[in-house]
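What follows is a single structure, written as structure tokens, with notes after it.
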Amino acid sequence: MPSLHPVPPPSRSAPPHRWVAPALLCAVLGYLLLAAWLFAPGWERAFRSDHSPAAWLSSALLLALCTTALRLTAERCLPRRLGVCLALAFAVLAVDEQFMLHELWKFRCHEWTDACRWAAVREAPMLAVAVVGGAMLAWLHRALGHRSTRCLLWAGFAVGLAAIAVDQWPALQPHGPWLPALPQWLAVLEEALEVVAEALVLAALLRQPGAR
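To convert, note that position 184 of the sequence shown is 183 in numbering that gives the first Met the number 0; the numbers rise steadily by one, no gaps.
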């Protein structure tokens with residue numbers, strides 16, 4: 000006979016998995032540094048191309064985020080609705096990263112609709128990532144049981160916003176001539192910022208203790 004008691008939330012007294020975050024972040028940063036070293040002196044090739052090592056790692060991390068959200072949901076570490084929504088969101092981002100769907104929309108949507116003469120329409124997918132991502136992380140914030148884990152979560156969101164800002168900067172400059180030019184090295188490292196953001200969010204999920 001199934002239990003009538005609700006699924007208990009993750010215990011706030013249960014310790015998080017503390018070793019996960021430093022191990023994951025060291026692995027990701029080591030991978031990026033190794034890629035830059037292997038491509039030297041043209042180190043930017045490790046980050047700039049959609050087929051670069053950084054782009055591959057971004058796809059891998061998004062897939063890991065998707066499967067981790069499903070695992071945490073199955074193990075009752077996250078509320079079911081939240082876990083399913085997170086898994087779907089990360090799956091969409093993984094597909095977009097692999098097949099460059101938002102770039103396809105940005106540069107080809109004018110063939111499908113006149114609305115793409117407006118920059119906001121062309122950039123809608125990237126802007127949606129910031130808005131929907133912020134809402135999803137606010138929901139996730141309430142489900143995480145430790146302040147240090149929440150700090151990792153919001154650090155990932157902040158780095159992700161920085162990556163979106165770097166991506167959108169060229170579109171903003173024509174509307175604000177007073178805006179400074181973006182340093183070339185920062186534009187090159189946009190993909191690396193995305194990777195670090197994804198790693199921070201994944202580290203937060205992997206730190207989450209189980210229900211008791």
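Virtual Cβ for every residue (Gly too), placed ideally from N, Cα, C.
Source: prediction; values computed, not measured.
May I have the straight-line CA-CA distance separating residue i from residue j, to the nearest angstrom?
{"i": "C76", "j": "L28", "result": "28 angstroms"}
{"i": "A54", "j": "L64", "result": "15 angstroms"}
{"i": "E122", "j": "R206", "result": "33 angstroms"}
{"i": "W42", "j": "L192", "result": "15 angstroms"}
{"i": "F38", "j": "E190", "result": "16 angstroms"}
{"i": "S147", "j": "S57", "result": "24 angstroms"}
{"i": "P78", "j": "A142", "result": "7 angstroms"}
{"i": "S51", "j": "W184", "result": "16 angstroms"}
{"i": "H174", "j": "H109", "result": "21 angstroms"}
{"i": "L87", "j": "V128", "result": "13 angstroms"}
{"i": "L85", "j": "V165", "result": "25 angstroms"}
Buried or exposed for residue i, please, with buried defined as at least 16 other CB atoms from any protein chain shown within 10 angstroms of its CB.
{"i": "G144", "result": "buried"}
{"i": "G132", "result": "buried"}
{"i": "T72", "result": "buried"}
{"i": "T112", "result": "exposed"}
{"i": "V130", "result": "exposed"}
Cβ of residue i less than 8 angstroms from any chain C Cβ?
{"i": "V187", "result": "As a matter of chain content, chain C is missing from the structure shown, which is built from one protein chain."}
What are the start and end residues of the alpha helix (DSSP H) that includes residue i?
{"i": "D113", "result": "First-last for D113: undefined, no H or E at that position."}
{"i": "W18", "result": "Segment: none, W18 is in no alpha helix (DSSP H) and carries neither H nor E."}
Tell me the DSSP secondary structure of residue i in three-state form.
{"i": "H50", "result": "coil"}
{"i": "H101", "result": "helix"}
{"i": "G175", "result": "coil"}
If I measure Cβ to Cβ from residue i and keep anything under 7 angstroms in the same chain, skipping five residues before and after, which residues do I get?
{"i": "P124", "result": "H101, W104"}
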